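The structure appears below as C-alpha cells.
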Amino acid sequence: MRRWIYAGGRLALAVPVLFSIAVLNFFLIHLAPGDPASVMAGEGGSATPEYMAMLRHKFGLDQSLPLQLWHYVVNVATLDLGYSFRNDEPVLTLILDRLGPTLLLMGTAFVISVGAGILLGLLAGTGRNSWRDGASSILALLASATPSFWLGLMLIVLLSIRLGWLPTSGYETIGSFYEGRAYALDVGRHLIMPALSLALFYLALYTRVMRASVIEQMNMDYVVTARAKGQTELGIIFGHILRNALLPVVTMAGVQAGNLIGGSVIVESVFGWPGIGTLAFAALQGRDLNLLLGIFLVSACVVVAINLMVDLAYVALDPRMDM
Amino acid sequence: MQDALLRFARNRLALLGAVVLLLVLTMAAAAPVLYPAGAFALAGPPLQPPGGRFLLGTDTLGRDVAAGIVYGARTSLMIGVVATLAAVVLGVLIGAVAGYYRGKPDLALMRITELFQTIPSFILAILLVAILSPSADSEIAAITLVSWPGIARLARGEFASLGGREFVLACVGLGAGDGRIVFRHLLPNCASPLIAVGSLLVANVILFESGLSFLGLGDPNLMSWGLMISAGREVLRSAWWICTFPGLAIVATVLAINLIGDGLNEALNPRLRDR
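Line order of the protein sequences matches chains D and S.
In my numbering, each residue's number is its place in the first sequence (first place is 1) plus 250.
In my numbering, each residue's number is its place in the second sequence (first place is 1) plus 16.
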C-alpha cells in the first residue's frame, strides 16, 4: 500500500515541474531580441498584423510582467501553444502528429540500450578482468566517445551505400502502400539504423553502470550465503544478483530520458525520420521560435511522463519501498 | 598529490589518452603555422580524394579537410574548456551554498537542480542558441546552462559531508567568515572528485558542441568538426572522406579525454578503485 502512496506523491510532484518549465519558456520568449509577439508568431514575418494584435491582446503584452506570465501559463495549461504560420497549422497539432515516430524511435533505442547494456554489464561484471570484461570495456569506451549523428552517417555509408541492405532515410518506402505485417516490416527496416545510432551511446553508459553494480552485489553477504547453501553460480547470478544489480540501471535510465529525447532530435535530422526532431530542425531553419518552444515544452512533458514510469518500475522492482 | 601522479602514470590507458590529447593540443596550437591561409580558404579543386596533394582530401568547395580538422580542434578545445570551467564555477557556487547552509536554501536550490536535470538539455540548448543567435558565446552560455547540475549535486554532497567536521568547527570558533571557510578550507578538500568529474565533463561538452554545430548552431566564423560533418552530408555517396575524418577527430579527442578522466578519477579517489 505504502508504495502506491509513494507513487502518488511522485505524480503530484510532476505538476510543479511542468509549471516551472512553462515559466522557463516564458523567460526564454522575453530573452529573445525584439517584440515577444513577433517571437510567438514565429519569426518568418509571415504572420498577419491582425494575428499579432490578437496575440498582444491574448497574452496581455501591454500589461505588467507578472500578468503576462499568468496569461502565458493559463494558455499553456489549456494546451494552447499558438499557431505556426510557416506550417499553417496549430503548434500542438504539428507536434502531436510527429510524436508517434519519435516515441517509436526512442522506445526502440531505449530497449536496445538497456537490454544490451544489462547483458554486457552482467558479462563484464561476473567475469572481472577476463576477456569478456576487456571486450565490453573497449566497446563501452568507443561508444561513449562516438557522436550519434556521425555514427548514423557512417552506418549509411556502410549498410546503405556500400552494401545496399537498408534504406538510407525516411519512415517507410514511399508509394509502396504496404499493409499489415509488410508495413510493419518496412518501418522496421527504416528504424534499424536510427535506433542503433541513438542507442549506442546509452548502451555504453548502462554497461558501465551495470558492471559496477554487479561487482558491488557480488561481494554482498547474501551471495556468500547462497553459495554456502550450495546454489550454483548461474543460479546465484540470475536468481539473486541480477535483480538487485538492476536498480542503479533503472535509476540511470530515468535520469537519461531527457538526454534520449534530445539525442533523437539530432538522429532524426540525419535520417529524415519524421518525428519532432525533424520538426525542430525545420523550425530552426525557418526561425520559427514558437514552434521550438512548443517542442521543448512537449518533450519536457514526455520526460516527466517517462520519469513517472521509471518511478513505478522502481516500486515494482524494489520491495524495500514498502518499508 | 605525488602519489596520485604516480598512480596516474602507472595507468597505461590514461597515459595513452594523455599522449593523444597532447597531439591534438599541438595540432591546435600549430594551426596557423601548418595552414596559414585558415580553414575557410580555397586550397584546390573540390572533392579531391585523400592522398595525393591533399592528405585528407578537399570538400565540396575545394577547402582542405586537414586544415578544417586542425582549426576545428581549436574550436572544440576552446569551447570544451571554457564551458566546462563556467559550469564547474556555477555548479560549485550553487552546490556550496546548498551543502554549507543546508535547510531552506538547500531545498530550493536542489529543486532547481533537479528541474534542470529533468528537462531535455539538448533541446533547451538548441532553443537558447537559436534565441541568442549562433556564436561561440551563445554556444558556451547554452552548454554551461545545461551542464552545471551534475557538478552542483556532487559539490553539495561533498560540502554537506565536510560541514560538521572538527576543522570546520575550529574555523567557526576562531571567527572565520562563511566565505573564508567555504573557499579556503572546504573547497580544497573536495577538489579531487571535482577535478575528476570536471575532466570527464570536457569530453561531454565537446560531444555536445559537435552536435550543436552539426545542426548549424555553431559560430559561423569558426571552423568546427560538427560543421564539417554537416557540410559533407550532401555528398556522402561520392565523397565519404569529408564526413569521416572530422568524426574520427571527435572520437579520438573525446576518447582521450575520457581515458584521462577515468585515470584521474582512479588516481585521485583511490577508495573508488574497486568499483
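The beta-carbon is built from N, C-alpha and C at its ideal position, and this holds for glycine as well.
Quick caveat, the model's predicted, so the values are computed rather than measured.
Distance CB(residue i)-CB(residue j) smaller than 8 Å
{"i": "D/S394", "j": "S/N285", "result": "no"}
{"i": "S/W241", "j": "S/P65", "result": "no"}
{"i": "D/T376", "j": "D/G527", "result": "no"}
{"i": "S/D75", "j": "S/P61", "result": "no"}
{"i": "D/N540", "j": "D/V341", "result": "yes"}
{"i": "D/V326", "j": "D/L547", "result": "yes"}
{"i": "S/T134", "j": "D/N557", "result": "yes"}
{"i": "S/I95", "j": "S/I156", "result": "yes"}
{"i": "S/I245", "j": "D/W400", "result": "yes"}
{"i": "S/F70", "j": "S/A59", "result": "yes"}
{"i": "D/M304", "j": "D/G367", "result": "no"}
{"i": "S/A20", "j": "S/R90", "result": "no"}
{"i": "S/I276", "j": "S/G33", "result": "yes"}
{"i": "S/L203", "j": "S/T160", "result": "no"}
{"i": "S/F24", "j": "S/L280", "result": "yes"}
{"i": "D/L416", "j": "D/L409", "result": "yes"}
{"i": "S/I147", "j": "D/L315", "result": "no"}
{"i": "D/A530", "j": "D/I271", "result": "no"}
{"i": "D/A503", "j": "D/V464", "result": "no"}
{"i": "D/R306", "j": "D/A287", "result": "yes"}
{"i": "S/L231", "j": "S/I85", "result": "no"}
{"i": "S/V104", "j": "S/G214", "result": "yes"}
{"i": "D/P397", "j": "S/G227", "result": "yes"}
{"i": "D/L355", "j": "D/G525", "result": "yes"}
{"i": "D/T457", "j": "D/D436", "result": "no"}
According to DSSP, residues forming a beta bridge with residue i
{"i": "S/R79", "result": "S/L58"}
{"i": "S/Y116", "result": "Paired residues: none, contrary to the question."}
{"i": "D/T418", "result": "According to DSSP, D/T418 bridges with nothing at all."}
{"i": "D/E339", "result": "D/S334"}
{"i": "S/T129", "result": "S/T129 pairs with nothing; no bridge assigned."}
{"i": "S/T74", "result": "S/D80"}
{"i": "S/G195", "result": "S/G195 pairs with nothing; no bridge assigned."}
{"i": "D/G371", "result": "Beta-bridge pairing links D/G371 to no other residue."}
Environment of residue i [buried if 16+ CB atoms lie within 10 Å]
{"i": "D/F276", "result": "buried"}
{"i": "D/A555", "result": "exposed"}
{"i": "S/T42", "result": "exposed"}
{"i": "S/E250", "result": "exposed"}
{"i": "S/G119", "result": "exposed"}
{"i": "S/R291", "result": "Its pLDDT being 40, under 50, S/R291 is placed unreliably by the model, and the measurement read from it follows with that caveat. Exposed, because fewer than 16 other Cβ atoms sit within 10 Å of the Cβ of S/R291."}
{"i": "D/Q535", "result": "exposed"}
{"i": "D/L453", "result": "buried"}
{"i": "D/M443", "result": "buried"}
{"i": "S/Q18", "result": "exposed"}
{"i": "S/F183", "result": "exposed"}
{"i": "S/L129", "result": "Looking at the sequence itself, residue 129 of chain S is Thr, so the reference to Leu does not match. The residue in question, S/T129, is buried, as its Cβ has 16 or more Cβ neighbours within 10 Å."}
{"i": "S/D80", "result": "buried"}
{"i": "S/W164", "result": "buried"}
{"i": "D/Q506", "result": "buried"}
{"i": "D/T475", "result": "exposed"}
{"i": "S/R289", "result": "At S/R289, the pLDDT of 47 sits below 50, so the modelled position is not reliable and the matter cannot be decided from this model."}
{"i": "D/I545", "result": "buried"}
{"i": "D/F269", "result": "exposed"}
{"i": "D/V361", "result": "exposed"}
{"i": "S/G54", "result": "exposed"}
{"i": "D/T328", "result": "exposed"}
{"i": "D/V561", "result": "It should be noted that the sequence gives Asp, not Val, for residue 561 of chain D. That one is buried."}
{"i": "D/D538", "result": "buried"}
{"i": "D/M573", "result": "Here D/M573 scores only 46 on pLDDT, less than 50, and its place in the model is too uncertain to base an answer on."}
{"i": "D/E300", "result": "exposed"}
{"i": "S/S137", "result": "buried"}
{"i": "D/T482", "result": "exposed"}
{"i": "S/L50", "result": "exposed"}
{"i": "S/G73", "result": "buried"}
{"i": "S/Y116", "result": "buried"}
Contact test: residue i Cβ vs the ligand GDP heavy atom, cutoff 7 Å
{"i": "S/A265", "result": "In the structure on display, the ligand GDP does not appear, and there are no ligands present to speak of."}
Below-8 Å beta-carbon distance, residue i vs any chain C residue
{"i": "D/L539", "result": "Going by chain labels, chain C is absent from the structure shown, which instead holds the protein chains D and S."}
Problem set entry | At least three beta-carbon pairs within less than 8 Å, the segment 140-154 of chain S to the segment 235-253 of chain S | yes
Exercise. Which ranges does the alpha helix (DSSP H) cover as unbroken runs of at least 4 residues, wholly within the segment 493-562 of chain D, from first to last along the chain?
Worked result: 507-521, 526-535
Exercise. Just checking, does the segment 318-327 of chain D make contact with the segment 485-504 of chain D on the three C-beta pairs under 8 Å criterion?
Worked result: no
Problem set entry | the segment 188-207 of chain S touching the segment 215-229 of chain S, judged by at least three CB pairs closer than 8 Å | With the cut-off at 8 Å, the segment 188-207 of chain S and the segment 215-229 of chain S do not touch.
Problem set entry | alpha helix (DSSP H) runs contained entirely in the segment 373-405 of chain D, provided each spans 4 or more residues | 381-393, 398-405
Problem set entry | Whole runs of the beta strand (DSSP E) within the segment 126-189 of chain S, excluding any shorter than 3 residues | none
Exercise. Going along the chain, which unbroken runs of the alpha helix (DSSP H) with 4 or more residues stay wholly within the segment 455-495 of chain D?
Worked result: 471-478, 483-486
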